[in-house]
Amino acid sequence: MSEPSGPPTGPAGPLWADGTTLLVTGGGAGIGAALCRAFTAAGGQVISLGRTPAALPGGDKGSANGVPTVRSHHVDLGDPDALDAVLDDLECSGTPVRYVVNNASLRAPQALADADRHHWRETFEVNLFAPMEICRRIGARLPEGGAIVNVTSGAARHLSPGTAAYAASQAALEAASAVLGRELAARGVRVNTLAPGPTGTPGLRRAVERGHSLDEAGLAGRIPLGRLGQADEIAAAIMFLLSPAAGFVTGQVLAANGGL
Ligand SMILES: NC(=O)c1ccc[n+]([C@@H]2O[C@H](COP(=O)([O-])OP(=O)(O)OC[C@H]3O[C@@H](n4cnc5c(N)ncnc54)[C@H](OP(=O)(O)O)[C@@H]3O)[C@@H](O)[C@H]2O)c1
1 MSEPSGPPTG
11 PAGPLWADGT
21 TLLVTGGGAG
31 IGAALCRAFT
41 AAGGQVISLG
51 RTPAALPGGD
61 KGSANGVPTV
71 RSHHVDLGDP
81 DALDAVLDDL
91 ECSGTPVRYV
101 VNNASLRAPQ
111 ALADADRHHW
121 RETFEVNLFA
131 PMEICRRIGA
141 RLPEGGAIVN
151 VTSGAARHLS
161 PGTAAYAASQ
171 AALEAASAVL
181 GRELAARGVR
191 VNTLAPGPTG
201 TPGLRRAVER
211 GHSLDEAGLA
221 GRIPLGRLGQ
231 ADEIAAAIMF
241 LLSPAAGFVT
251 GQVLAANGGL
């Protein structure tokens, strides 16, 4: 397995040497944490909204010109009032966010007989309503050249029993993102979706432990590249969609899934 390469660079050095700010949900673990590492390594600053605080390796929050490179706001995305309060704070702070990545989601499979309204509402609150509220309040105000990436899942297409609410919420997020891509294009803001395949993260390990997923060997056996994705690889695909290299890409779904 090869080591991740160094920070992405543009013609004049690190991509985001000016301390460009990314707002990410769920920066405390897995793909979100890998994105915090990649984005700060490229010179940017991160604001993470989530239940677990984001931190760079070793618990370091880093600093650039006295400003922490990673700041965390505690919020459960399933609680609309708590999310509103955090977004109010962010608006008041006037932090000039340039990029948004809606990464966190809820995957709690339920068989049809147990999938009541509460289950559907809870799943849609975290996986669709919270990302859309973040897009409405922060994404719609991004400056020209800004970008949004909404993270969904191959589960929207590779359907498994018990995942109706999760798969439907991810498919809805993909459709909404494609529309926003067209809507915000006039302002020079791009919106894309990144759909990871099975990736070695705490979230996947929990799903295996709870019997909600095949084990890692079983999953790897189904993937044409013969292995799980790494969180750093998914973060690199998100970084591409945010970066000027994807400047003509909007309203699209990019699958990073080993060929599934
Ligand atoms: N890993 C995969 O195989 C895979 C495959 C397809 C799609 N994806 C998608 O990729 C994204 C990231 O997945 P991951 O595997 O990196 O997940 P993960 O390891 O579980 O990390 C998710 C992060 O989001 C936070 N979070 C989850 N629900 C939240 C909520 N309601 N409010 C606030 N924060 C919340 C978690 O906080 P806590 O630690 O407090 O829970 C954690 O910090 C998800 O959208 C997932 O659906 C992952």
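The sequence shown begins at 1 in UniProt numbering and counts up by one.
Backbone N, C-alpha and C fix where the C-beta goes; we use that ideal spot for every residue, glycine too.
Alpha carbon to alpha carbon, what distance is there between residue j and residue i?
i: S5; j: T40; result: For S5, the predicted structure reports a pLDDT of 49, less than 50, and the residue's modelled location is therefore unreliable. A value from the coordinates is still provided. Distance between the alpha carbons of S5 and T40 is about 14 Å.
i: E144; j: A186; result: 9 Å
i: M1; j: A85; result: Confidence is the limiting factor: at M1 the pLDDT is only 40, short of 50, which leaves the residue's position unreliable, though a coordinate-based value still follows. Cα-Cα distance, rounded: 43 Å.
i: A256; j: T152; result: 11 Å
i: T199; j: A231; result: 6 Å
i: V101; j: V24; result: 5 Å
Identify the continuous alpha helix (DSSP H) that holds residue i and give its terminal residues.
i: I134; result: 130-137
i: R222; result: 216-222
i: T123; result: 117-124
i: R85; result: Note that residue 85 is Ala in the sequence shown, not Arg. Element bounds for A85: 80-93.
With H, G and I counted as helix, E and B as strand and the rest as coil, what does DSSP make of residue i?
i: A256; result: strand
i: Q45; result: strand
i: A186; result: coil
i: S177; result: helix
i: N150; result: strand
i: S5; result: At S5, the pLDDT of 49 sits below 50, so the modelled position is not reliable and the matter cannot be decided from this model.
i: P14; result: strand
Please classify residue i as buried or exposed, where buried requires at least 16 neighbouring CB atoms within 10 angstroms.
i: C92; result: exposed
i: G26; result: buried
i: L112; result: exposed
i: G259; result: exposed
i: E3; result: Note that E3 has pLDDT 45, beneath the 50 cutoff, so the model's placement of it is unreliable and the number below is only indicative. E3 comes out exposed.
Tell me residue i's beta-bridge partners as DSSP assigns them.
i: G229; result: T199
i: H73; result: L49
i: P109; result: The partner list for P109 (beta bridge, DSSP) is empty, contrary to what the question assumes.
i: N192; result: V149
Could you give the residue range of the beta strand (DSSP E) that holds residue i?
i: T21; result: 21-25
i: R98; result: 97-102
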